[in-house]
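Numbering (the working numbering), first residue to last: 62 to 327. Note sheet for the following structure.
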């Protein structure tokens, strides 16, 4: 796949998600699709899978997913750093303006399967978890340096992000249009973050490797003790924290060893 094709592919994917979200909400299909996906997941998937998928959209777990970029693709970490405030703003703004009721506020909670905390507020649209995972996937896809990008990797990342977004339906937290809308906003935030990285390449600063490694370490420590709300996913949560902490520790040691060599000589 030509490198120039990747942004168009992401834009097309986001456009399809936007159309699907609008059509699902406008035609009143949200409840029917929600119940079908939720029941199908409960019937066909092992019980911990929806919870495990859904915590991949947690902000701290997202940092662990980006940990392999330490030392290899720091521009992706910078893009995520730029994209995160925009993603948070879009999420809060969407929830405030839409004030959409969650499934448990409309449907009888006994009529569908819930994993984790029962959410019944009026802050359903958009899905923050969907925004987060699509932000991560977008900065990874757009941050690849080679001229040619493997199509399989792009579709695999989009497929994984789509499963994470769909898991919000599986655990009973969001409508399909929430997940689809979150995907659109996540791609938008990731694209803006990648653009900002090209304009202001903070990852080129001498202090960046140490700062990034320390940031991942702090997030890993927080992830190890935080309550994500999904007890079935705790093994994955702890594994992700250990994974990120290990990579960050290695990156920190390398950055500190390289620091004297990078210092100007008198």
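All residues carry an ideal CB built from backbone N, CA and C; glycine is no exception.
On the criterion of 16 or more Cβ atoms from any shown chain inside 10 Å, does residue i qualify as buried, or is it exposed?
i	result
residue 229	buried
residue 171	exposed
residue 266	exposed
residue 66	exposed
residue 264	buried
residue 93	exposed
residue 216	exposed
residue 261	exposed
residue 77	exposed
residue 314	exposed
residue 150	exposed
residue 133	exposed
Under a three-way DSSP split, which group does residue i fall into?
i	result
residue 239	helix
residue 90	coil
residue 328	Nothing about residue 328 can be reported from this structure: the residues present for the chain run from 62 to 327 only.
residue 173	coil
residue 260	helix
residue 190	helix
residue 132	coil
residue 289	coil
residue 163	coil
residue 181	coil
residue 117	coil
Nearest-angstrom Cα distance between residue i and residue j?
i	j	result
residue 276	residue 147	19 angstroms
residue 153	residue 287	22 angstroms
residue 79	residue 111	24 angstroms
residue 227	residue 98	8 angstroms
residue 252	residue 244	12 angstroms
residue 246	residue 320	38 angstroms
residue 240	residue 302	25 angstroms
residue 75	residue 282	33 angstroms
residue 250	residue 140	9 angstroms
residue 161	residue 224	22 angstroms
residue 119	residue 295	13 angstroms
residue 311	residue 108	35 angstroms
residue 129	residue 86	37 angstroms
residue 285	residue 299	6 angstroms
Quick check on this structure: which residue in the options has the alpha carbon closest to the alpha carbon of residue i?
i	options	result
residue 280	65, 88, 223, 127	127
residue 329	155, 123, 132	Coverage of the chain is limited to positions 62 through 327, which leaves residue 329 absent and any answer about it impossible.
residue 234	258, 182, 215, 197	182
residue 89	167, 179, 188	167
residue 192	204, 155, 212, 173	155
residue 200	136, 298, 220	136
residue 180	81, 157, 116, 290	290
residue 178	187, 117, 165	165
residue 71	308, 255, 293	255
Can residue i be considered in contact with the ligand ATP, in the sense that its beta carbon sits closer than 6 angstroms to one or more heavy atoms?
i	result
residue 150	You won't find the ligand ATP in this model; it holds no ligand whatsoever.
Do we get a CB-CB distance below 7 angstroms when we pair residue i with the residues of chain C?
i	result
residue 317	Of the chains in the structure shown, none is chain C; there is only one protein chain.
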